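Q: Residue numbers (numbering that gives the first Met the number 0), protein chains in the order written: chain A, 0 to 136; chain B, 0 to 136; chain C, 0 to 136.
Glycine included, each C-beta is placed from N, C-alpha and C at the ideal position.
All of these numbers come straight from a predicted model, not from anything done at the bench.
This structure is in structure tokens; I'll ask about it shortly.
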Amino acid sequence: MRTYPLVTEAVQTTRRTELVDVTARVQQAVSATTATGGFAVLSVPHTTAALTINENADPDVRHDLMRKLDELLPQREPYYRHSEGNSDSHLKSSLLGSTLTVIIEQGRLVLGTWQAIYLCEFDGPRDRRLLIKVIGE
Amino acid sequence: MRTYPLVTEAVQTTRRTELVDVTARVQQAVSATTATGGFAVLSVPHTTAALTINENADPDVRHDLMRKLDELLPQREPYYRHSEGNSDSHLKSSLLGSTLTVIIEQGRLVLGTWQAIYLCEFDGPRDRRLLIKVIGE
Amino acid sequence: MRTYPLVTEAVQTTRRTELVDVTARVQQAVSATTATGGFAVLSVPHTTAALTINENADPDVRHDLMRKLDELLPQREPYYRHSEGNSDSHLKSSLLGSTLTVIIEQGRLVLGTWQAIYLCEFDGPRDRRLLIKVIGE
């Protein structure tokens with residue numbers, strides 16, 4: 000049982016809000032280790048981005064998810080004090096969460112048929128980083 | 000220090016939205032290992048379900064939690080494109096999260112007096128699965 | 000590779016809703032171990048508190064985040080049944096989450112430049128506990 004070196008993946012986003020599928024990149028980082036069973040802990044070192052697991056097939060799900068989040072948390076509120084104009088992005092980051100732990104079994108991420116791992120951009124476009132730390136045996 | 004084989008628990012839900020207490024089943028999976036200290040990583044391989052930790056006593060808390068979530072995220076929105084009519088379920092899944100890591104100490108899940116682990120159904124009734132992976136020593 | 004004894008930190012909150020920066024205390028618990036690489040699993044054993052990672056610099060971000068949460072989830076709703084009057088606190092706890100896993104590298108928590116770890120109080124003032132379990136090598 001051991002930990003593997005931290006892997007950093009660069010993710011370039013292209014819009015203010017966006018869901019970027021990073022599943023293949025995380026699997027690649029796992030496959031580069033000798034771990035057959037264990038976990039991958041994922042983290043984004045940003046306060047206006049997040050990580051989530053959701054539907055990998057119909058892009059309409061991603062549209063609806065981001066559209067509804069924007070409706071609940073619009074960019075402007077009369078009471079917002081933060082001068083950068085991205086308070087909504089910070090709250091979205093905390094609501095979806097900036098870390099994720101995914102089980103590894105037989106060298107593969109354990110995900111359902113319809114699940115993908117997404118880096119959530121809430122204040123792009125920006126250069127983002129995805130950190131991947133594997134522990135296993 | 001080692002990982003234990005992945006355990007899969009079947010959970011049958013009976014309504015569209017529902018909180019199913021799975022604490023005893025997770026504790027049972029932990030007790031079946033020789034781990035005295037470590038973690039249990041829990042995951043639901045579904046995109047319209049989630050896992051959360053909340054109040055184990057008064058059922059009114061569960062009612063209020065689900066009722067308010069339904070108010071914030073109603074099933075229909077004029078701008079929803081996803082044809083299955085469960086975009087709200089997908090977003091609820093991402094907001095509550097489909098994975099959880101629980102500390103194990105002296106062979107027991109470390110939870111507060113009032114905490115229980117719930118599988119959250121957001122698009123039932125369905126046959127769900129709860130995955131449990133224990134790491135410990 | 001090993002687990003380290005569970006550490007419990009006392010956190011005294013002073014208002015109904017509040018974000019308490021606990022980053023230094025978590026780092027201290029990590030530094031007290033011999034772990035150079037691994038993870039810290041954090042947990043609050045409470046159902047009206049949470050843990051989140053967000054902006055460590057401008058206090059206006061924390062204001063805006065809590066203000067918007069209060070607007071989305073006011074303390075009173077005509078349909079709330081829970082007699083303690085803190086149903087909003089329970090839901091906020093589930094939305095932000097009561098556990099967090101943070102990567103450790105070279106003996107340090109791996110956080111972005113602007114990231115801090117916050118204990119979120121949603122029904123204070125209260126005496127809260129923060130549980131820290133380190134695994135590493």
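#1: Identify every residue that forms a DSSP beta bridge with D57 (chain C).
#2: Terminal residues of the continuous alpha helix (DSSP H) containing A34 (chain A)?
#3: Measuring straight from C-alpha to C-alpha, what distance separates L129 (chain B) and N85 (chain B)?
#4: Helix, strand or coil for L110 (chain A) per DSSP?
#5: Are any of the Cβ atoms in chain A nearer than 8 angstroms to that of N53 (chain C)?
#6: List, in order along the chain, the chain A residues whose C-beta lies closer than 8 angstroms to that of T100 (chain C)?
#7: Any C-beta of chain A sitting closer than 8 angstroms to the C-beta of K132 (chain C)?
#8: From the beta carbon of G36 (chain C), is the nearest beta carbon of chain A less than 8 angstroms away?
#9: For E104 (chain C), which residues in chain A fall below 8 angstroms Cβ to Cβ?
#10: Compare the Cα-Cα distances from L90 (chain B) to each of B:G111, B:T12, B:R75 and report the closest residue.
#11: With distances taken Cα to Cα, identify the nearest neighbour of E104 (chain A) among A:D20, A:T13, A:A39, A:D59.
#12: Could you name the residues of chain C that P44 (chain A) contacts, counting a contact when the two beta carbons are closer than 8 angstroms?
#13: Give me the chain C residues within the contact set of R66 (chain B), using Cβ-Cβ distance strictly less than 7 angstroms, ordered along the chain.
#14: Quick check on DSSP: helix, strand or coil for Q74 (chain B)?
#15: Taking Q114 (chain B) and T46 (chain C) to be in contact with their CB atoms under 8 angstroms, please state how far apart those CB atoms are, rounded to whole angstroms.
#16: Would L64 (chain C) pass as a contact of N53 (chain C) if the rule is Cβ separation under 8 angstroms?
#17: Going by the beta-carbon positions, is the gap between L50 (chain B) and L118 (chain B) smaller than 8 angstroms?
#18: Less than 8 angstroms separating the beta-carbons of G106 (chain B) and A28 (chain B)?
#19: Whole angstroms are fine: how far does the CA of P4 (chain A) sit from the CA of M0 (chain C)?
#20: Rounded to a whole number of angstroms, what is the C-alpha to C-alpha distance between T2 (chain C) and K132 (chain C)?
#21: Could you check if T100 (chain A) is buried or exposed, using at least 16 other CB atoms within 10 Å of its CB as the buried criterion?
#22: Taking the beta strand (DSSP E) that T20 (chain A) belongs to, which residues open and close that run?
#23: In the DSSP assignment, find the beta strand (DSSP E) that holds R130 (chain A) and state where it starts and stops.
#24: Would you kindly check if the distance between the Cβ of S42 (chain C) and the Cβ of T7 (chain C) is under 8 angstroms?
#25: Between the Cα of Y78 (chain C) and the Cα atoms of B:V10, B:R125, B:V60, B:S92, which residue gives the shortest distance?
#26: If distances are taken between C-alpha atoms only, which option among A:P58, A:V21, A:T16 comes closest to I88 (chain A)?
#27: For the alpha helix (DSSP H) holding L95 (chain B), just list the boundary residues, first then last.
#28: How many Å lie between G123 (chain B) and T13 (chain B) at the Cα?
#29: Between the Cα of S82 (chain B) and the Cα atoms of A:V21, A:R127, A:H62, A:S82, which residue gives the shortest distance?
#30: Check whether chain B comes within 8 angstroms of H89 (chain A), counting only Cβ atoms and requiring the distance to be less than that.
#31: Quick one: grab the DSSP three-state call for L5 (chain C).
#32: Could one say the Cβ of T2 (chain B) lies closer than 8 angstroms to chain A's Cβ atoms, at least one of them?
#33: I'd like the span of the beta strand (DSSP E) that includes V101 (chain A), first residue to last.
#34: Nearest to A9 (chain C) by alpha carbon, out of C:E136, C:D126, C:I134, C:G135?
#35: Within 8 angstroms (strictly less), CB to CB, does D63 (chain B) reach chain C?
A: Straight from the coordinates:
#1: Note: D57 (chain C) sits in no beta bridge, so no partner.
#2: Taken as a continuous stretch (DSSP letters only), A34 (chain A) belongs to no alpha helix (DSSP H), as it is neither H nor E.
#3: 21 angstroms
#4: Coil at L110 (chain A), not helix or strand.
#5: yes
#6: V40, T98, T100
#7: no
#8: yes
#9: L5, K132
#10: B:R75
#11: A:A39
#12: V109, L110, G111, T112, Q114
#13: Those within 7 angstroms of R66 (chain B) in chain C are Y78.
#14: coil
#15: 6 angstroms
#16: yes
#17: Yes, the Cβ-Cβ distance between L50 (chain B) and L118 (chain B) is below 8 angstroms.
#18: At least 8 angstroms separates the beta-carbon of G106 (chain B) from that of A28 (chain B).
#19: Answer to the nearest angstrom: the Cα atoms are 14 angstroms apart.
#20: 7 angstroms
#21: buried
#22: Looking at the sequence itself, residue 20 (chain A) is Asp, so the reference to Thr does not match. Here the beta strand (DSSP E) through D20 (chain A) covers 17 to 20.
#23: The sequence given here places Leu at residue 130 (chain A); Arg does not occur at that position. First-last of the beta strand (DSSP E) with L130 (chain A): 126 to 135.
#24: no
#25: B:V60
#26: Note on residue identity: the sequence assigns Ser, not Ile, to residue 88 (chain A). Nearest option by C-alpha distance: A:T16.
#27: 86 to 95
#28: G123 (chain B) and T13 (chain B) have their alpha carbons spaced roughly 7 angstroms apart.
#29: A:H62
#30: no
#31: Coil.
#32: yes
#33: 98 to 104
#34: C:D126
#35: yes
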